[in-house]
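**Q**
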Amino acid sequence: PMFLDLGKSALLIGNKNIPTIFVAEFQKASGVYGAMPSRSSQDVAKSVLILVVSVLKIRQRTNIDYNRVQVEGMADGRLRGGFNWRRIFKRKTVVETIGMREMVEIDDGEYAKVIEILQSDSLKMNYYVDQAGKYIINEIKGIHPSSGQDEELPPQWGLDLTFHNSVIKYGPWADRQRDLFMKYFYPFHFHDMKADDQFIIGQMRKYTKFKVFVQFTGKTNWRIPHREASKDYRFNNENAMKRAYGWVDVESHGVIINVNVPMVYSETGTRTEYEITFKEAVIKTSVNYSQFLNAEHLRFHILTVYPLKWRDQAKWEITISGHKASVFLLKEHVFQFNDISNDFSQKPKIRLNEFVPFVYFINVNLTESNVVFHCNELNIIQQPCDKNENSKFISVLIKL
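For the sequence shown, full-length UniProt numbering gives the first residue as 1, with consecutive numbering after it.
Shown next, in the form of structure tokens:
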């Protein structure tokens with residue numbers, strides 16, 4: 001095995017053709033890289049990397065070299081192939097905080113832009129991958145690799161992450177930066193895919209899926225900062241950039257995320273599953289800085305189905321399940337969630353010959369829950385969660 005021991009460090013991920021750079025900073029990291037037997041006797045071995053990180057911060061910083069390297073390279077008659085990492089930190093100012101110095105990137109004025117993506121007290125990472133062997137004669141014939149139903153289990157490939165006491169700030173702006181990264185490193189090919197062949201003796205065994213397991217322990221807060229288009233009429237061009245953004249906070253004492261990404265194509269295409277479970281969830285919003293929802297159990301299940309033909313209709317099925325949930329619904333909440341939806345969908349227009357049709361199915365399942373509609377005089381509501389301060393209409397849901 002190989003042992004790792006790092007002090008205060010930073011990891012930068014980016015490219016001169018991408019406007020933002022991901023920066024991960026941590027105070028300390030230690031781990032081990034080694035090999036162990038794979039779960040299947042048909043595979044050679046399993047490579048494992050275990051890493052423990054303390055005080056992790058992930059940010060998205062402005063790429064100063066974006067669209068500038070090529071211009072400067074052409075000016076002196078050559079194209080610069082290197083990346084000037086030092087220039088990333090030129091747009092910083094130093095501020096004093098309680099007992100520490102913090103580097104803060106100068107804000108470029110973009111509305112609802114939050115560069116801090118994640119802060120966590122600790123992270124434990126377990127990355128594993130089997131070195132695949134070959135299909136042998138005693139395996140079942142005629143079984144498609146996407147089913148994973150050969151006599152031996154398919155090679156494993158996955159990533160387990162455990163965060164403790166975390167603050168996440170991920171909204172539409174951060175999602176647009178992620179989308180740019182995905183399109184650059186994994187561009188859409190605009191051609192039909194072909195279903196993988198059945199097992200063939202002597203070929204290398206195929207990974208059927210990449211499994212991601214993420215767990216947040218301790219106190220977890222996920223903030224969704226967003227633009228509020230419904231309030232644009234209140235701001236003129238001079239103070240538009242000074243306005244505060246809207247936000248939705250999801251607080252929980254335990255979050256589990258499971259993602260299964262298929263690595264092979266079946267006759268129906270690919271099916272990717274996401275499952276997010278919140279324990280003792282509380283949702284607050286910038287509408288009134290108070291609770292919008294609290295639930296003993298909140299679960300999101302997302303199934304995405306993409307056919308082999310790239311122009312055929314893709315399907316997203318989203319199921320939201322809540323148990324013992326209380327929803328305090330105001331009219332302003334409807335406007336806010338409409339603003340969030342519009343902000344997330346604010347992306348560059350696509351060309352007609354690149355259009356892919358999507359259909360979305362949204363299912364909501366609530367058990368032993370209630371929805372509170374306030375009906376105060378003149379619609380004045382100061383304490384929406386106080387049952388004694390408001391006139392209200394309560395809809396009790398045994399099952400929805």
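By construction, the Cβ of each residue, glycine as well, lies at the ideal position given by its N, Cα and C atoms.
1. What does a CB cutoff of less than 6 angstroms around residue 276 pick up in its chain, not counting 5 residues either side in sequence?
2. For the pair the region 277-288 and the region 244-255, tell me if three or more CB-CB distances fall below 8 angstroms.
3. Name the residue from 45, 185, 27 and 340 whose alpha carbon lies nearest to the alpha carbon of residue 157.
4. So, under 8 angstroms CB-CB, residue 177 and residue 62 are touching, yes? Tell me the CB distance rounded to an integer number of Å.
5. Write down the C-beta distance between residue 135 and residue 60 rounded to the nearest angstrom, noting that I regard them as a contact closer than 8 angstroms.
6. Please tell me whether residue 11 and residue 31 are closer than 8 angstroms, where the distance is taken between their beta carbons.
7. Could you please give me the residues that DSSP links to residue 225 through a beta bridge?
8. By the 10 Å Cβ neighbour count, where 16 or more other Cβ atoms means buried, how is residue 355 classified, buried or exposed?
9. Where do the ends of the beta strand (DSSP E) carrying residue 316 lie?
10. From the DSSP output, which residues share a beta bridge with residue 61?
11. I need the straight-line Cα distance from residue 212 to residue 343, nearest angstrom please.
12. Terminal residues of the continuous alpha helix (DSSP H) containing residue 182?
13. Exposed or buried, residue 187, counting other C-beta atoms within 10 Å across all chains shown (16 or more means buried)?
14. Which one of 174, 153 and 51 has the shortest CA to CA distance from residue 347?
15. Which partner residues does residue 301 have in the DSSP bridge list?
16. Ordered along the chain, which non-local residues of its own chain (more than five positions away) have a Cβ less than 6 angstroms from that of residue 364?
17. To the nearest angstrom, report how far apart residue 7 and residue 127 are at their CA atoms.
18. Could you work out which residue in 208, 29, 336 and 349 is closest to residue 265 when comparing CA atoms only?
19. Would you identify the three-state DSSP class for residue 159, choosing helix, strand or coil?
20. Let's test the definition: count the other Cβ atoms within 10 Å of the Cβ of residue 69 and tell me whether it reaches 16, buried, or not, exposed.
21. What span of residues does the beta strand (DSSP E) with residue 120 cover, start to end?
22. Ends of the beta strand (DSSP E) at residue 10?
23. Residue 180: which of 371, 361 and 16 sits nearest, CA to CA?
24. In chain order, what residues of the same chain lie with their CB nearer than 6 angstroms to the CB of residue 402, ignoring the 5 residues before and after it?
25. Alpha carbon to alpha carbon, how far is residue 23 from residue 2? Give it in angstroms, no decimals.
26. State the Cα-Cα distance for the pair residue 121 and residue 49, rounded to the nearest angstrom.
27. So, at 7 angstroms on beta carbons, what are the nonlocal neighbours of residue 341 in its own chain, with the 5 sequence-adjacent residues on each side left out?
28. Nearest CA to the CA of residue 326: which residue from 371, 183, 345 and 223?
29. Relative to the alpha-carbon of residue 33, which residue among 362, 52 and 339 has its alpha-carbon at the smallest distance?
30. Check whether the Cβ atoms of residue 407 and residue 362 lie closer than 8 angstroms to each other.
31. Taking just the CA atoms, how far does residue 233 sit from residue 260?
32. Taking residue 267 as the reference, which of 243, 206 and 193 has the closest Cα?
33. Once you ignore the five residues that flank residue 323 on each side, which residues in its own chain have a CB closer than 7 angstroms to its CB?
34. Could you tell me how far apart the beta carbons of residue 339 and residue 227 are, in whole angstroms, since I believe they sit closer than 8 angstroms?
35. Starting from the C-beta of residue 172, find all residues in its chain whose C-beta is less than 6 angstroms away, skip the five residues before and the five after it, and write them out in chain order.
36. Who are the near neighbours of residue 25 in its chain, counting only those whose CB is closer than 6 angstroms to its CB and skipping five residues on each side?
**A** This is what the structure holds:
1. 257 and 300
2. yes
3. Checking every option, the nearest Cα to that of residue 157 belongs to 45.
4. Actually they do not touch by this definition, with Cβ atoms about 10 angstroms apart.
5. Not a contact, Cβ separation roughly 43 angstroms.
6. The Cβ-Cβ distance between residue 11 and residue 31 does not fall below 8 angstroms.
7. DSSP lists 247 as partners of residue 225.
8. exposed
9. 314-329
10. 21
11. 27 angstroms
12. Residues 172-185.
13. exposed
14. 174
15. 275 and 319
16. 320
17. 21 angstroms
18. 208
19. strand
20. Low per-residue confidence applies at residue 69: pLDDT is 43, beneath 50, and the placement is therefore not dependable enough to give any value.
21. 116-131
22. 9-13
23. 16
24. In the structure as shown, the chain starts at 1 and stops at 400, and residue 402 therefore has no counterpart that could be examined.
25. 25 angstroms
26. Rounded to whole angstroms, residue 121 and residue 49 show a C-alpha spacing of 20 angstroms.
27. none
28. 371
29. 52
30. Here the chain covers residues 1 to 400 and nothing more, so residue 407 does not appear.
31. As the crow flies, the alpha-carbon of residue 260 is around 43 angstroms from that of residue 233.
32. 193
33. 295, 296, 297, 367 and 368
34. 7 angstroms
35. 226, 343 and 344
36. 10 and 57
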